[in-house]
Amino acid sequence: QLCLRLASTQAQYRQILRRAMLSMTFTPSNPSMHYTLFLEEPCDFHVAERVRILDRWEASAAIRRGFFDTSQRGNQSQVRNERYEGRRPLFRSIMDWELPLSGKLEFDFAGGPRTAAGTVEMAGPIFEEFFQHLLAAKCRPSQQFEALRAVSPYIYLASSQLRRLLGVIYDAEVRMHAFHVFYFRLTDIWNVKVCRARFS
Numbered sequence: 006q007l008c009l010r011l012a013s014t015q016a017q018y019r020q021i022l023r024r025a026m027l028s029m030t031f032t033p034s035n036p037s038m039h040y041t042l043f044l045e046e047p048c049d050f051h052v053a054e055r056v057r058i059l060d061r062w063e064a065s066a067a068i069r070r071g072f073f074d075t076s077q078r079g080n081q082s083q084v085r086n087e088r089y090e091g092r093r094p095l096f097r098s099i100m101d102w103e104l105p106l107s108g109k110l111e112f113d114f115a116g117g118p119r120t121a122a123g124t125v126e127m128a129g130p131i132f133e134e135f136f137q138h139l140l141a142a143k144c145r146p147s148q149q150f151e152a153l154r155a156v157s158p159y160i161y162l163a164s165s166q167l168r169r170l171l172g173v174i175y176d177a178e179v180r181m182h183a184f185h186v187f188y189f190r191l192t193d194i195w196n197v198k199v200c201r202a203r204f205s
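For the sequence shown, my numbering begins at 6 and goes up steadily by one.
Encoded structure:
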């Protein structure tokens, strides 16, 4: 938030806000999403460092608890599909990689706490009000996504509710990102197939 005080004009304020948005809205309690980071940007570099720390913590916790390894490279990492400057890096794990100070880093993160058994989804009337507010919002899909990601750690949804929510987002790429964010917030993940219609 302090970096926003550096702006002397509205244009500078908007520029700083745009560049710092991911860092400001990063939620360690629900970090699952696709990341595109430009490492020469201090805020993006900070996000990359936070994801690395989080990934190391989750991998250590999974090993300690004896969880089955579902990682892409057999190392308990939650990071998948890494690309640096459009190419797959040579490192075995992002945890062991010394981050460069520039360049484009892309990856998917599929981690965070899973929904506990017996968790109840958002009540129908509350979800309906939430849905109507989202439907009436006059903002870009990217702004809808940032708002949804910010509140995602505090809500649980049924698959049918997520299907309705995804229908509000008309941008296909943003819709997929929103699906990633709420995938581990589903109370009936076995019914997630009902969301497939939103991607056909």
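Note that beta-carbon positions come from the ideal geometry of N, C-alpha and C, so glycine has one too.
In the DSSP output, which residue or residues are listed as bridge partners for residue i?
i: R85; result: D113
i: F43; result: K109
i: R92; result: Y89
i: L140; result: Note: L140 sits in no beta bridge, so no partner.
i: L191; result: L162
If you draw a straight line from the alpha carbon of residue i to that of residue j, how long is it in whole angstroms?
i: E126; j: I68; result: 30 Å
i: R201; j: S13; result: 46 Å
i: V199; j: K143; result: 27 Å
i: E87; j: M26; result: 22 Å
i: S107; j: F184; result: 29 Å
i: G117; j: A16; result: 36 Å
i: S205; j: A177; result: 10 Å
i: R119; j: R23; result: 30 Å
i: C48; j: T75; result: 30 Å
i: P33; j: Q149; result: 19 Å
i: E151; j: E90; result: 25 Å
i: R85; j: A128; result: 34 Å
i: L95; j: F187; result: 31 Å
i: A122; j: W102; result: 36 Å
Please classify residue i as buried or exposed, where buried requires at least 16 neighbouring CB atoms within 10 angstroms.
i: R180; result: buried
i: A53; result: buried
i: S65; result: exposed
i: N35; result: buried
i: F72; result: exposed
i: L140; result: exposed
i: V156; result: exposed
i: Q20; result: exposed
Would you mind stating whether residue i and residue j have Cβ atoms separated by less than 8 Å?
i: L59; j: F50; result: no
i: Y40; j: F114; result: yes
i: P196; j: S147; result: The sequence given here has Asn at residue 196, not Pro. No, Cβ-Cβ distance for N196 and S147 is not below 8 Å.
i: M38; j: H138; result: no
i: R55; j: F31; result: yes
i: R78; j: R92; result: no
i: R169; j: F136; result: yes
i: R145; j: L171; result: no
i: Q83; j: E63; result: yes
i: M29; j: R57; result: no
Could you give the DSSP three-state label for residue i: helix, strand or coil?
i: M38; result: strand
i: L162; result: strand
i: L104; result: coil
i: D176; result: coil
i: N196; result: helix
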